[in-house]
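Novice:
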Amino acid sequence: KTIRLSEYRAPDYLIDETHLDVRIFSDYTDVTAQLHIRKNTQTAVATSLELVGADLELLEIKVNAEPVPESLYSIADETLTMNNVPGQFILTLVTRIDPKRNTSLEGLYVSKGMYCTQCEAEGFRKITYYLDRPDVMARFTTRIEADKSSYPVLLSNGNPVEKGDLDAGRHFVKWEDPFKKPCYLFALVAGDLSVVEDRFVTSSGREVSLQIFVEPQDLDKCDHAMDSLKRSMKWDENVYGREYDLDIYMIVAVSHFNMGAMENKGLNIFNTSCVLASAETTTDAGFQRVESVIAHEYFHNWSGNRVTCRDWFQLSLKEGFTVFRDQQFSADMGSETVNRIDDVNFLKTVQFAEDSGPMSHPIRPDSYIEINNFYTTTVYEKGAEVVRMIRRLVGVDGFRKGSDLYFERHDGQAVTCDDFVQAMEDANQIDLSQFRLWYSQSGTPCLQVSSEFSASSETFTLTFKQETPATPGQPEKKPLHIPVAIGLVDSTGNDLPLELEGGTRIDPDNPVLELKQPTETFVFRNIKEKPVASLLRGFSAPVRLQYPQSREALAFLMAHDRDGFNRWSASQQLVVSVLEDMIAGFQNNESVQPDSVLVDAFRTLLTDSSLDLAMVAKMLELPTEQFLAELLPKPTQVDAIHQSREALKQALASSLSTEMTSVLDRYPLHTEYHYRDQDVSERSLRNTCMYYLMSLEQDDVVERCLNQFKQACNMTDQLSAFKALVHSSRSEKSQVIEQFYQRWSNESLVVDQWFMVQASAPQADTLERVKELMNHTAFDMTSPNKIRALIGAFCNNNPVNFHNEDGSGYAFLADQIIALNKLNPQVASRMAVIMTRWANFDQARAGLIKQQLSRVQSEPLSPDVYEVVTKALKS
Ligand code: ARG
Ligand code: ZN
6 KTIRLSEYRA
16 PDYLIDETHL
26 DVRIFSDYTD
36 VTAQLHIRKN
46 TQTAVATSLE
56 LVGADLELLE
66 IKVNAEPVPE
76 SLYSIADETL
86 TMNNVPGQFI
96 LTLVTRIDPK
106 RNTSLEGLYV
116 SKGMYCTQCE
126 AEGFRKITYY
136 LDRPDVMARF
146 TTRIEADKSS
156 YPVLLSNGNP
166 VEKGDLDAGR
176 HFVKWEDPFK
186 KPCYLFALVA
196 GDLSVVEDRF
206 VTSSGREVSL
216 QIFVEPQDLD
226 KCDHAMDSLK
236 RSMKWDENVY
246 GREYDLDIYM
256 IVAVSHFNMG
266 AMENKGLNIF
276 NTSCVLASAE
286 TTTDAGFQRV
296 ESVIAHEYFH
306 NWSGNRVTCR
316 DWFQLSLKEG
326 FTVFRDQQFS
336 ADMGSETVNR
346 IDDVNFLKTV
356 QFAEDSGPMS
366 HPIRPDSYIE
376 INNFYTTTVY
386 EKGAEVVRMI
396 RRLVGVDGFR
406 KGSDLYFERH
416 DGQAVTCDDF
426 VQAMEDANQI
436 DLSQFRLWYS
446 QSGTPCLQVS
456 SEFSASSETF
466 TLTFKQETPA
476 TPGQPEKKPL
486 HIPVAIGLVD
496 STGNDLPLEL
506 EGGTRIDPDN
516 PVLELKQPTE
526 TFVFRNIKEK
536 PVASLLRGFS
546 APVRLQYPQS
556 REALAFLMAH
566 DRDGFNRWSA
576 SQQLVVSVLE
586 DMIAGFQNNE
596 SVQPDSVLVD
606 AFRTLLTDSS
616 LDLAMVAKML
626 ELPTEQFLAE
636 LLPKPTQVDA
646 IHQSREALKQ
656 ALASSLSTEM
666 TSVLDRYPLH
676 TEYHYRDQDV
686 SERSLRNTCM
696 YYLMSLEQDD
706 VVERCLNQFK
716 QACNMTDQLS
726 AFKALVHSSR
736 SEKSQVIEQF
746 YQRWSNESLV
756 VDQWFMVQAS
766 APQADTLERV
776 KELMNHTAFD
786 MTSPNKIRAL
796 IGAFCNNNPV
806 NFHNEDGSGY
816 AFLADQIIAL
826 NKLNPQVASR
836 MAVIMTRWAN
846 FDQARAGLIK
856 QQLSRVQSEP
866 LSPDVYEVVT
876 KALKS
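Note that the sequence shown covers residues 6 to 880 in my numbering.
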């Protein structure tokens with residue numbers, strides 16, 4: 006069934022108070038819900054009340070303590086309908102659920118013996134019948150009762166107000182959340198957990214107790230999360246003026262979790278992968294991820310919880326804004342440029358691909374079959390880009406004024422994306438009406454730019470042509486309001502003052518051209534020599550920029566642009582243009598050597614000690630095969646891309662082996678681990694050089710790599726060496742695979758890395774190995790982390806093998822989707838998304854993928870998988 010934004014109606018009934026009593030027994034759990042319901046006098050048209058519930062056994066139903074006769078209610082299709090209810094009453098429901106058999110990981114379920122919940126978006130209906138929609142906000146109390154020795158820790162939202170022992174070794178705790186909230190923010194945990202505690206004093210003097218609950222063996226991996234939490238709390242006070250509002254902030258780490266984490270009021274539930282971190286078990290990237298997810302969930306307390314979404318079409322209201330806030334936080338904690346590069350790389354690889362396929366949707370979708378399918382990079386990451394553009398348009402101070410007004414105006418409400426934009430407009434007296442199209446129009450705009458220098462008139466002319474390709478359901482596109490940050494760089498590397506013909510001056514501190522028409526021309530005057538244009542600085546808008554520049558110009562920008570992001574972007578464009586030559590060569594069976602412009606530019610990166618180490622490391626990283634596949638013309642040349650990228654890696658390694666080897670000597674293995682910028686950059690640069698050199702597979706480098714594998718004091722260095730060895734064709738690798746597993750078999754998150762590295766190996770026998778690993782004792786088909794590490798890594802990060810022209814990769818994936826569809830629809834559907842890209846491949850491959858999609862379609866499907874597969878086959 007398709008749900009449409011245009012059909013939104015305010016709720017007919019409201020719930021003011023929700024009192025839950027959850028009694029956990031070993032074979033079942035009974036939930037008593039007392040709901041204080043009242044007719045919504047402003048809107049109510051219906052006379053019957055419809056509550057939703059799924060996988061529930063209804064044991065009791067009472068209105069104002071009187072049992073309701075069966076003639077007065079009915080249950081069909083996940084709906085409990087009651088006729089002729091009073092205008093205001095207390096509804097009591099007792100439902101029985103089976104958390105131990107709940108493998109969907111939504112609602113109440115069990116992970117490694119611990120009871121926990123995931124209610125966003127629509128999981129609460131698996132706990133009791135309810136008005137499971139975010140515009141129904143109630144005050145909650147939760148009483149939890151369970152066996153005391155198995156489940157000593159009983160948690161829910163808000164503050165504990167009562168606890169006590171009961172007969173038969175049972176006990177209870179009662180929680181009260183003073184803030185009204187939609188049920189998707191409800192959470193409950195029962196388990197045998199250890200806790201790490203700290204405190205934070207807010208700017209107004211409220212003392213907050215901070216608690217992170219984990220399994221006992223993980224107690225030593227909570228410091229980084231705790232530290233990140235305290236920094237997030239401080240940062241949100243300083244940058245957004247937002248203070249925490251309860252006396253406790255709890256985080257619980259859970260092994261089986263569909264996503265990264267969940268911002269339940271006062272009781273965040275986290276995937277272990279987003280909270281646990283230690284030098285021995287976690288890479289630098291892992292540390293970075295923990296920091297940003299902790300911040301993300303904390304920031305939701307305001308952007309999401311205090312001000313929430315009216316309906317699920319507005320998801321980007323909280324997610325786009327909160328991703329933007331966590332990106333700003335990470336930028337402030339480390340290097341702004343490096344963070345920006347990583348974020349844009351991800352956006353261009355994953356979101357651009359999504360937006361050009363059959364699942365393309367605007368950041369505020371206008372219809373869905375299953376909302377879980379819309380927790381996408383479009384809603385999250387493109388949503389964050391849209392907020393970032395607003396900030397650029399209204400300025401830093403204007404943005405703060407706008408966010409203050411938004412929080413003040415809508416505190417305690419469930420609102421829309423439009424309310425957010427309205428607050429930004431009202432606080433800044435600006436008109437964002439055309440800008441609003443970013444919320445409703447899908448697809449990635451393409452921005453074609455041409456330039457012309459006239460020596461005689463001393464002008465430089467830039468012409469922009471914007472065009473958004475058609476997407477499913479949106480054949481016609483309108484021109485968008487696009488901010489393009491620019492600079493014109495002179496031969497000494499300085500930005501020229503920008504003055505438009507006609508005299509308009511452009512703000513030298515924030516030089517931005519605002520595009521609104523399909524085609525727009527800007528003529529800059531007093532330009533005495535031909536400049537090099539640096540366009541879309543900082544990636545000021547989520548568009549595909551097409552501005553052909555010579556390799557010399559790119560190398561120049563790479564060395565001189567004062568915008569760090571564009572220095573990196575120039576280096577990427579240079580690499581891509583060289584790779585395009587090599588790919589063309591590959592298709593004609595001739596080997597093309599990389600252009601010396603690139604080799605020389607890379608040599609400078611490796612030898613000029615005045616350069617920023619983090620930037621050097623970033624610029625030396627070759628774009629991934631997935632990034633190239635997204636960028637280059639279709640049908641995607643899977644093998645040519647892989648072979649050419651390998652050839653480029655080897656050519657650079659052999660031309661620059663002296664320089665790369667001296668980097669290894671200059672930055673020897675650290676003997677102590679610190680997660681700090683300088684060290685992270687050194688490790689990253691050394692490991693990048695190691696990765697290049699290992700492509701030559703010479704004995705001396707292999708020796709170094711083996712040593713690093715054995716001696717590394719931290720997971721970043723050990724895993725880099727492990728990956729380089731496993732992805733080589735050297736015979737040492739089987740022993741290394743064994744050793745790594747023996748060393749880390751008790752660390753589930755490290756075992757995930759072990760699966761991932763093997764699943765992404767380019768060797769031809771990888772699929773066989775993946776199938777073998779599915780039978781490994783450490784693999785677990787009920788664990789999303791394991792599925793992503795093994796199946797996900799093979800299908801997403803191993804293009805040559807997954808897209809093997811014999812179709813074996815596609816058949817394998819279809820088998821897994823069919824199996825997962827029954828166990829965990831959300832995860833199954835994520836896997837199915839991979840198959841939606843069939844149109845990007847040659848006819849033979851496209852045909853094979855569609856065959857597998859049809860095979861999946863012929864199964865009885867969950868709405869999640871059904872939506873993805875149908876949309877993929879319809880296109
Ligand atoms: N709100 C969570 C976050 O971004 C994610 C919840 C995802 N839930 C889902 N059903 N897909 O922090
Ligand atoms: Zn979020």
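Virtual Cβ for every residue (Gly too), placed ideally from N, Cα, C. A quick note: this is a predicted structure, and the numbers were derived from the prediction, not measured.
1. Within the continuous beta strand (DSSP E) that includes Trp307, where are the two ends?
2. Going by DSSP, what residues sit across from Leu518 in a beta bridge?
3. With DSSP run on the structure shown, which of helix, strand or coil describes Val343?
4. Pick from Pro187, Met264, Val384 and Ala195: whose alpha carbon is nearest that of Lys270?
5. I need the boundaries of the alpha helix (DSSP H) containing Thr771, first residue and last residue.
6. From which residue to which residue does the beta strand (DSSP E) around Pro789 run?
7. Could you say which of Lys521, Arg510 and Arg542 lies nearest to Ile491 if we only look at CA atoms?
8. Can you grab the Cα-Cα spacing for the pair Phe807 / Ala783, in whole Å?
9. To the nearest angstrom, how far is it from the Cα of Leu352 to the Cα of Ala819?
10. Quick one: Cα of Asn809 to Cα of Tyr815, how far?
11. For Ala15, name the three-state secondary structure that DSSP assigns.
12. To the nearest angstrom, report how far apart Ile511 and Phe529 are at their CA atoms.
13. Under a three-way DSSP split, which group does Cys124 fall into?
14. Does the separation of the CB atoms of Ala126 and Val158 fall below 8 Å?
15. Please work out which residues of its chain come closer than 6 Å, Cβ to Cβ, to Gly498, disregarding the five sequence neighbours upstream and downstream, and give them in chain order.
16. According to the neighbour-count rule (16 or more other Cβ atoms, all chains shown, within 10 Å of its Cβ), is Gln427 buried or exposed?
17. Expressed to the nearest angstrom, what Euclidean distance is found between the alpha-carbon atoms of Gly852 and Asn531?
18. Taking Cβ positions, are Cys893 and Leu669 nearer each other than 8 Å?
19. Which residues bound the beta strand (DSSP E) around Trp180?
20. Rounded to the nearest angstrom, what separates Glu413 and Ile132 at their Cα positions?
21. Which one or two residues does DSSP pair with Phe465 in a beta bridge?
22. Please report the residue range of the alpha helix (DSSP H) in which Ser576 lies.
23. Starting from the C-beta of Ala794, find all residues in its chain whose C-beta is less than 6 Å away, skip the five residues before and the five after it, and write them out in chain order.
24. At a threshold of 7 Å, does Thr52 count as lining ligand 2 (C-beta to nearest heavy atom)?
25. Do the segment 725–732 and the segment 690–704 meet, that is, are 3 or more Cβ pairs less than 8 Å apart?
26. Three or more C-beta pairs closer than 8 Å, one from the segment 142–160 and one from the segment 193–212: is that the case here?
27. With DSSP as the reference, label Val328 as helix, strand or coil.
28. Spatial neighbours of Leu63 within its chain, please: CB distance less than 6 Å, with the 5 preceding and 5 following residues excluded, ordered by chain position.
29. Go ahead and pull the three-state DSSP assignment for Val597.
30. Would you mind stating whether Val591 and Gln655 have Cβ atoms separated by less than 8 Å?
31. Spatial neighbours of Ser321 within its chain, please: CB distance less than 7 Å, with the 5 preceding and 5 following residues excluded, ordered by chain position.
32. Candidates Thr676, Phe817, Leu698 and Phe745: which alpha carbon is nearest Cys718's?
33. I'd like to check one pair, Pro480 with Val884: are the Cβ atoms closer than 8 Å?
34. Could you please give the first and the last residue of the uninterrupted alpha helix (DSSP H) stretch that includes Met87?
35. Any heavy atom of ligand 2 inside 7 Å of the beta-carbon of Thr327?
36. Below 7 Å, is the gap between the Cβ of Tyr380 and the nearest heavy atom of ligand 1?
Specialist: In terms of the structure at hand:
1. Translated into positions along the sequence shown, residue 307 becomes position 302. Segment: none, Trp307 is in no beta strand (DSSP E) and carries neither H nor E.
2. Counting from one through the sequence shown, the residue named residue 518 turns up at place 513. Val489.
3. Translated into positions along the sequence shown, residue 343 becomes position 338. Of the three classes helix, strand and coil, the one that applies to Val343 here is helix, per DSSP.
4. Start at 1 with the first residue of the sequence shown, and residue 270 comes out as number 265. Of the listed residues, the one whose Cα sits closest to Lys270 is Pro187.
5. Stepping through the sequence shown from its first residue, residue 771 is reached at position 766. Element bounds for Thr771: Thr771 to Leu778.
6. Residue numbering aside, residue 789 sits at position 784 when the sequence shown is read from its first letter. Careful: Pro789 lies outside any beta strand (DSSP E), inside the alpha helix (DSSP H) at Pro789 to Ile792.
7. In the sequence shown, counting from the first residue as 1, residue 491 sits at position 486. Answer by Cα proximity: Arg542.
8. Translated into the one-based positions of the sequence shown, residue 807 becomes position 802. Translated into the one-based positions of the sequence shown, residue 783 becomes position 778. If you take the alpha carbons of Phe807 and Ala783, they lie about 23 Å apart.
9. Start at 1 with the first residue of the sequence shown, and residue 352 comes out as number 347. Start at 1 with the first residue of the sequence shown, and residue 819 comes out as number 814. Each residue's Cα considered, the two are about 26 Å apart.
10. Locating residue 809 in the sequence shown gives position 804, counting from the first residue. Locating residue 815 in the sequence shown gives position 810, counting from the first residue. When rounded, the distance between both Cα atoms is 9 Å.
11. Position 10 of the sequence shown, counted from the start, is the residue given in the question as residue 15. Coil, per DSSP.
12. Start at 1 with the first residue of the sequence shown, and residue 511 comes out as number 506. Start at 1 with the first residue of the sequence shown, and residue 529 comes out as number 524. Rounded to whole angstroms, Ile511 to Phe529 spans 10 Å at the Cα level.
13. Here residue 124 is taken as the residue at index 119 of the sequence shown, counted from 1. Reduced to three states, the DSSP call for Cys124 is coil.
14. For this step, residue 126 is matched to residue 121 along the sequence shown. For this step, residue 158 is matched to residue 153 along the sequence shown. The answer is no: Cβ separation not under 8 Å.
15. Position 493 of the sequence shown, counted from the first residue, corresponds to residue 498. His565, listed in sequence order.
16. For the purposes of this step, residue 427 is taken as the residue at position 422 of the sequence shown. It counts as buried.
17. Position 847 of the sequence shown, counted from the first residue, corresponds to residue 852. Position 526 of the sequence shown, counted from the first residue, corresponds to residue 531. So the alpha carbons of these two residues sit roughly 57 Å apart.
18. As displayed, the chain neither begins before 6 nor continues past 880, which places residue 893 out of reach and without an answer.
19. Here residue 180 refers to the residue found at position 175 when the sequence shown is read from its first residue. From DSSP, the beta strand (DSSP E) with Trp180 extends over Arg175 to Lys186.
20. Reading the sequence shown from its first residue, position 408 is the one you call residue 413. Reading the sequence shown from its first residue, position 127 is the one you call residue 132. Each residue's alpha carbon lies about 33 Å from the other.
21. Counted from its first residue, the sequence shown places residue 465 at position 460. Beta-bridge pairing links Phe465 to Phe458 and Phe529.
22. Locating residue 576 in the sequence shown gives position 571, counting from the first residue. Looking at the DSSP string, the run of the alpha helix (DSSP H) that includes Ser576 is Gly569 to Gln592.
23. Counting from one through the sequence shown, the residue named residue 794 turns up at place 789. The answer, listed in chain order, is Asp757, Phe760 and Met761.
24. Within the sequence shown, numbered from 1, the residue matching residue 52 stands at position 47. No, since every heavy atom of ligand 2 falls outside the 7 Å radius drawn around the Cβ of Thr52.
25. yes
26. yes
27. As a first step, residue 328 is located in the sequence shown; it is residue number 323 there, counting from the start. In the structure shown, Val328 sits in a helix (DSSP, three-state: H, G or I).
28. Residue mapping note: residue 63 aligns to position 58 of the sequence shown, counting from 1. Correct list, in chain order: Thr100.
29. Taking the first residue of the sequence shown as position 1, residue 597 is located at position 592. Residue state, collapsed to three classes: coil.
30. Looking up residue 591 in the sequence shown gives position 586. Looking up residue 655 in the sequence shown gives position 650. At residue 591 the sequence reads Phe, which differs from the Val that was named. No.
31. Indexing the sequence shown from 1 puts residue 321 at position 316. Ile368, Arg369, Val384, Gly388 and Cys422, listed in sequence order.
32. If you number the sequence shown from 1, residue 718 lands on position 713. Nearest C-alpha to Cys718: Thr676.
33. One cannot answer for residue 884 here, as it falls past the ends of the chain, which runs 6 to 880.
34. What you label residue 87 is simply residue 82 of the sequence shown in a count that begins at 1. First-last for Met87: Thr84 to Met87, but that is the beta strand (DSSP E), not the alpha helix (DSSP H).
35. Translated into the one-based positions of the sequence shown, residue 327 becomes position 322. Checking every heavy atom of ligand 2 against the Cβ of Thr327, one is found closer than 7 Å.
36. Within the sequence shown, residue 380 is the residue found at index 375, counting from 1. Yes, the beta carbon of Tyr380 sits closer than 7 Å to at least one heavy atom of ligand 1.
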